[in-house]
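Report on one structure; see the data block that follows.
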Amino acid sequence: MLLQVTRRMRLPYPGILAAAGVGVAMLPGAPTIPIDPPTALALFIAPVLVDSAYDFPVGAARRMLLPLFFYAVVAVLVTTGVVVSISMLTVGLPIAVAVTLGAIVSPPDAAAATAVLSNLPVARRVDALLK
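Just so we're aligned, residue 622 is where the sequence shown starts under my numbering, counting upward by one.
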């Protein structure tokens, strides 16, 4: 039912599904289900990444080797550097903590790209690059 609603409203299904899960979890009397982080990763994140991998056009990746390299390496290093600089200058984090924070937030998120682009008319080349 939720899938049909998101299709009609042209909203990303994973985001609405997550919001619905939060809403259900906040209901009074809802049971708590303890789950450790590695199990949550295996159950929720891994299937989304595997789905994206099946949809990934290998031929397009070969043609876009330079943009993929730029996006995967250069953009990640620049983002990490910016996060390190800002977190050290504004918050005063030690360099080790700032680098750790930069490394956490800088990698491209295939799951987010899949969720956002699933309902948008985006060129296949751009879609492949972002995923």
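All residues carry an ideal CB built from backbone N, CA and C; glycine is no exception.
Here PHE690 carries a helix assignment [DSSP, helix/strand/coil]. For VAL645, the enclosing alpha helix (DSSP H) covers residues 634 to 646. The region 688 to 700 makes no contact with the region 664 to 672, as fewer than three CB pairs between them are under 8 Å.
Distance from the CA atom of ILE707 to the CA atom of LEU687, rounded to whole angstroms, is 29 Å. In the three-state DSSP reduction, PRO659 falls in the helix class (H, G or I). Fully contained in the region 705 to 734 are the following alpha helix (DSSP H) runs of length 4 or more, in chain order: 716 to 726. Between the beta-carbon of VAL645 and that of ALA651 there is about 6 Å, and that keeps the pair under the 8 Å contact cut. Excluding residues up to 5 positions away in sequence, nothing lies with its Cβ nearer than 6 Å to the Cβ of VAL718 in the same chain. Inter-residue distance for ARG683 and GLY642 is about 38 Å (C-alpha atoms, whole angstroms).
In the three-state DSSP reduction, MET630 falls in the helix class (H, G or I).
For GLY650, there is no enclosing alpha helix (DSSP H), as DSSP marks it with neither H nor E.
With a 10 Å radius around the Cβ and a threshold of 16 neighbouring Cβ atoms, GLY680 comes out exposed.
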